[in-house]
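> I am attaching a structure below and will ask some questions about it afterwards.
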Amino acid sequence: MKPGRDRRAELLPVVPGRHRCPDDGPRTAVVGGGIAGLAAATALAERGVRVTLYERETVLGGRLAGWRTELADGSAATMSRGFHAFFRQYYNLRALLRRADPGLSALVPLPDYPLRHSGGLTDSFARVPRTPPWSALGFAALSPSFGPRDLAALRPRAALPLLDVRVPEVYERYDTTSATDFLAAVNFPEAAHHLAFEVFSRSFFADPADLSAAELLVMFHIYFLGSAEGLLFDVVREPFPQALWDPLAARLDRLGARIRTGTAVDTLKPTADGGFAVTAGGTTEEYTAAVLALDVTGARRLVAASPELGDAAWRERIAAQPVAPPFLVSRLWLDRPLRAGRPGFLGTSGYRGLDNISVLDRWEGEAARWARRTGGSVVELHGYAVDPAADRGAVQELLLEQLRAVYPESAGARVVDARHEWRADCPHFPVGGYRARPTVHTPDPALVLAGDHLRTELPVALMERAATTGFLAANRLLRRWGVRGHPLWTVPRRGRYAPLRALARLAGPAPGAARR
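Quick note on numbering: the sequence shown equals residues 1 to 516 in full-length UniProt numbering.
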């Protein structure tokens, strides 16, 4: 059964094996309780592996974690690192969530994904067809950023690679080109560049000039030109812990997994029998295998503290992984509502560092209840790729100023309370960086990696890459033990139509390939 509406979605079959491990089967440490770690732990526990999940924070979820806070008015609220979109082509992430919520009742669709430029242009995806190539044609026809002169000025030959994205071939050809250089070669109109491309590329927390064009091409294949699921998405009905992670943790508990939150792993040391001694919280336990499902910073720290892991080349690769520039999430509790027609989510461009606005009380239950009780509203602002040297207080004030420019009615609102989350721990995908990225497998067959920073040969990104690599890591260990793994789904791994693929082969050398 297909996981969505796209009839061309592809199944990755599993290697046959026993259905599950014996009761005294392998013990595995999963280090990291974000999406990747939860996927790996769930996949292993479902096959009878004795799993211990370690998470240094007191809550699960990684970048989608949530924690309690008390507002100035005495209200209890759940703070997080901000809005996340659950696209319909996130097949493996959604399969993970279905383990605890078969009907995905925790998710609710947003009716549109509008994009607004400070110059006044606004794009919408509500009426754009979902199936390529009609999605691209429909977007161009409906978008105010594509006029007749703009369409005539496009360089079709330079745009042909968009029609047949294949992984890893796309990286071999376009990883040494920046996203900015690729778009310049295609000669997209400036307005479309800002609306349709910069907004998406900055979702990788990087400036397009520093982002690999291959990553941009893969992104457009996943969300727009390679999938018939469309660009509309779901959001959570309640904060992340209540909606997603508490139910999944309860399922892991029923499967017999141990969850040790608030417990950082200090070291991993290979043992004589091929397993690992894991030291965490002052206690050392031995395991048959280990999954490192950490972010870039966490992986660098743990590998540096565990000098016997892997080989020199692998350790150098882990140590050299870059992180994206800092980003800011500002959540504001206002004493009055925004205008009724404001969308739940708005992508922005040209607003001096403001990348999007979420009106949480339009779709999140906790925020909606606060808004009804107080007559106010809960608004979230994101600013990506912030200059590390910038004054943080000034950036916070600037985003508030830009909110008032986008939604003028907010200028008269009093900020009842605010929370500002500054982070700099997301993976970076720079020009020319693909080959240096680590993969699920490592020099030690009993050690595997998972996370959204890894290199894979599948068209996945962001949360879906995290979930997919978690399942891939688990499947790799299960195959080693002769146990059947878990089937995975992906958007088509090449362009959808043979005539368009034939056209794509006419593309010349990658634009700007020599620029670094």
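For glycine and all other residues, C-beta sits at the position ideal for the given N, C-alpha and C. Note that this is a predicted model, so its numbers are computed, not measured.
With DSSP as the reference, please indicate the residues paired to Asp234 in a beta bridge.
Counting from 1 along the sequence shown, the entry for residue 234 is found at position 234. In the DSSP output, where bridge partners are listed per residue, Asp234 has Phe86 and Pro109.
> Going along the chain, which residues of its own chain have a beta-carbon closer than 7 Å to the beta-carbon of Val49, five neighbours each way excluded?
The residue given as residue 49 occupies position 49 in the sequence shown. Answer for Val49: Cys21, Gly25, Pro26 and Thr28, listed in chain order.
> Verify whether the separation of the beta carbon atoms of Glu464 and Leu93 is less than 8 Å.
Within the sequence shown, numbered from 1, the residue matching residue 464 stands at position 464. Within the sequence shown, numbered from 1, the residue matching residue 93 stands at position 93. Yes, they are a contact pair.
> Can you tell me the Cβ-Cβ gap for Val235 and His453, rounded? I've got them flagged as a contact below 8 Å.
Sequence index remark: in the sequence shown, residue 235 carries index 235 (1-based). Sequence index remark: in the sequence shown, residue 453 carries index 453 (1-based). So it is not a contact: roughly 24 Å between Cβ atoms.
> Does the Cβ-Cβ distance between Gly376 and Asp355 come in under 8 Å?
As a first step, residue 376 must be located in the sequence shown, where it is residue number 376. As a first step, residue 355 must be located in the sequence shown, where it is residue number 355. Contact: no.
> DSSP three-state label for Trp67, please.
Along the sequence shown, one-based indexing puts residue 67 at 67. Looking at Trp67 - three-state DSSP - the assignment turns out to be strand.
> Whose C-alpha, out of Pro247, Phe125, Arg423 and Leu142, is nearest the C-alpha of Arg392?
Taking the first residue of the sequence shown as 1, we reach residue 392 at position 392. For Arg392, the nearest C-alpha among the options comes from Arg423.
> Between which two residues does the beta strand (DSSP E) carrying Asn92 extend?
Sequence index remark: in the sequence shown, residue 92 carries index 92 (1-based). From DSSP, Asn92 is part of no beta strand (DSSP E) but of the alpha helix (DSSP H) over Tyr91 to Arg98.
> Report the three-state DSSP secondary structure of His19 (helix, strand or coil).
The sequence position of residue 19 within the sequence shown is 19, counting from 1. The answer is coil: DSSP assigns His19 none of H, G, I, E or B.
> Below 8 Å on the Cβ atoms is my guess for Arg98 versus Leu104; work out the distance and round it to an integer in Å.
Translated into positions along the sequence shown, residue 98 becomes position 98. Translated into positions along the sequence shown, residue 104 becomes position 104. Yes, Arg98 and Leu104 are in contact; Cβ-Cβ is about 6 Å, under 8 Å.
> Whole angstroms is fine: what's the gap from Thr261's alpha carbon to Leu302's?
In the sequence shown, residue 261 corresponds to position 261, counting from 1. In the sequence shown, residue 302 corresponds to position 302, counting from 1. Going by the C-alpha atoms only, they are around 17 Å apart.
> Taking one C-beta from the segment 245-265 and one from the segment 122-129 each time, how about it: are there three or more such pairs within less than 8 Å?
Short answer: they don't touch.
> Excluding sequence positions up to five away, which residues of its chain have a Cβ less than 6 Å from the Cβ of Ala153?
Taking the first residue of the sequence shown as position 1, residue 153 is located at position 153. Asn187, listed in sequence order.
> With H, G and I counted as helix, E and B as strand and the rest as coil, what does DSSP make of Trp134?
Here residue 134 refers to the residue found at position 134 when the sequence shown is read from its first residue. Residue state, collapsed to three classes: helix.
> Measuring alpha carbon to alpha carbon, tell me which residue in Thr456, Ala461, Gly482 and Leu462 is nearest Leu472.
Your numbering for residue 472 matches position 472 in the sequence shown. The option with the nearest alpha carbon to Leu472 is Thr456.
> By alpha-carbon positions, which one of Ser143, Pro132 and Gly138 ends up nearest to Gly120?
As a first step, residue 120 is located in the sequence shown; it is residue number 120 there, counting from the start. Minimum Cα distance to Gly120 is reached at Ser143.
> Is it the case that the segment 351-368 contacts the segment 218-238, given that we only count it when at least three CB pairs across the two stretches are under 8 Å?
These segments touch.
> Taking the alpha carbon of Cys426 as the reference point, which residue from Ala324, Ser330, Ala504 and Ala418 has its own alpha carbon closest?
As a working mapping, residue 426 is identified with position 426 in the sequence shown. Of Ala324, Ser330, Ala504 and Ala418, the residue nearest in Cα terms is Ala324.
> Which residues in the same chain have their Cβ closer than 7 Å to the Cβ of Tyr345, if we skip the five residues on either side of it in sequence?
Numbered from 1 along the sequence shown, position 345 holds the residue referred to as residue 345. Just to set this straight, residue 345 is Phe in the shown sequence, not Tyr. So the qualifying residues of the chain are Phe83, Leu110, Tyr113, Asn356 and Ser358.
> Give me the residue from Leu399, Lys2 and Tyr287 with the minimum Cα distance to Leu328.
For this step, residue 328 is matched to residue 328 along the sequence shown. Out of Leu399, Lys2 and Tyr287, Leu399 has the C-alpha closest to the C-alpha of Leu328.
> Using 10 angstroms around the beta-carbon of Met1, count the other beta-carbons present and answer buried if the total reaches 16, otherwise exposed.
Stepping through the sequence shown from its first residue, residue 1 is reached at position 1. The residue is exposed, with fewer than 16 neighbouring Cβ atoms inside 10 Å.
> Going by DSSP, what residue range makes up the alpha helix (DSSP H) through Thr297?
The sequence position of residue 297 within the sequence shown is 297, counting from 1. Per DSSP, Thr297 belongs to the alpha helix (DSSP H) from Val296 to Ala304.
> Flag this pair as yes or no: are the beta carbons of Thr174 and Ala214 separated by less than 8 Å?
Here residue 174 is taken as the residue at index 174 of the sequence shown, counted from 1. Here residue 214 is taken as the residue at index 214 of the sequence shown, counted from 1. Per the sequence presented here, residue 174 reads as Tyr, with Thr not at that position. Taking 8 Å as the Cβ cut-off, Tyr174 and Ala214 qualify as a contacting pair.
> Can you tell me whether DSSP reads Thr283 as helix, strand or coil?
Within the sequence shown, the letter at position 283 stands for residue 283. Note: Thr283 maps to strand in three-state DSSP.
> Which same chain residues, not among the five before or five after Pro432, have their C-beta less than 8 Å away from its C-beta?
Here residue 432 corresponds to residue number 432 of the sequence shown, with the count starting at 1. For the record, residue 432 in the displayed sequence is Gly; it is not Pro. Excluding positions up to five away in sequence, the list reads Asp175, Thr176, Ser212 and Arg516.
> Based on DSSP bridge pairs, tell me the residues matched to Val448.
On the sequence shown, residue 448 is found 448 positions in, with the first residue counted as 1. Answer is Val291 and His441.
> Just checking my contact of Val395 with Gly353 at CB under 8 Å: how many whole Å lie between their CB atoms?
Working through the sequence shown from its first residue, we reach residue 395 at position 395. Working through the sequence shown from its first residue, we reach residue 353 at position 353. Sure, about 7 Å apart at Cβ, within 8 Å.
> On the DSSP letters alone, give me the boundaries of the beta strand (DSSP E) that Arg336 sits inside.
Reading the sequence shown from its first residue, position 336 is the one you call residue 336. From DSSP, Arg336 is part of no beta strand (DSSP E); its letter is neither H nor E.
> What residue from Arg18, Asp6, Gly310 and Glu172 has the CA that sits closest to Arg88's CA?
Position 88 of the sequence shown holds residue 88. Nearest option by C-alpha distance: Asp6.
> Alpha carbon to alpha carbon, how far is Ala158 from Leu183? Give it in angstroms, no decimals.
Counting from one through the sequence shown, the residue named residue 183 turns up at place 183. Counting from one through the sequence shown, the residue named residue 158 turns up at place 158. If you take the alpha carbons of Leu183 and Ala158, they lie about 9 Å apart.
> Going along the chain, which unbroken runs of the alpha helix (DSSP H) with 4 or more residues stay wholly within the segment 153-196?
Listed in chain order, they are 156-159, 169-174 and 179-186.
> Using beta carbons (cut-off 8 Å, strictly below), is Val359 in contact with chain B?
Looking for chain B here will not work: only one protein chain is present.
> Quick one, which of Pro189, Ala293, Asp444 and Gly347 has its alpha-carbon nearest Ala313's?
As a working mapping, residue 313 is identified with position 313 in the sequence shown. For the residues Pro189, Ala293, Asp444 and Gly347, the minimum Cα distance to Ala313 belongs to Asp444.
> Determine, using beta-carbon pairs with one atom in the segment 6-17 and one in the segment 486-504, whether at least three such pairs fall under 8 Å.
The segment 6-17, when compared against the segment 486-504, does touch it at the 8 Å Cβ threshold.
> Helix, strand or coil, according to DSSP, for Arg516 in the structure here?
Within the sequence shown, numbered from 1, the residue matching residue 516 stands at position 516. Annotation note: pLDDT 39 at Arg516 (below 50); position unreliable, coordinate value reported separately. Coil at Arg516, not helix or strand.
> I'd like to check one pair, Ala40 with Ala293: are the Cβ atoms closer than 8 Å?
The sequence position of residue 293 within the sequence shown is 293, counting from 1. The sequence position of residue 40 within the sequence shown is 40, counting from 1. The answer is yes: Cβ separation under 8 Å.
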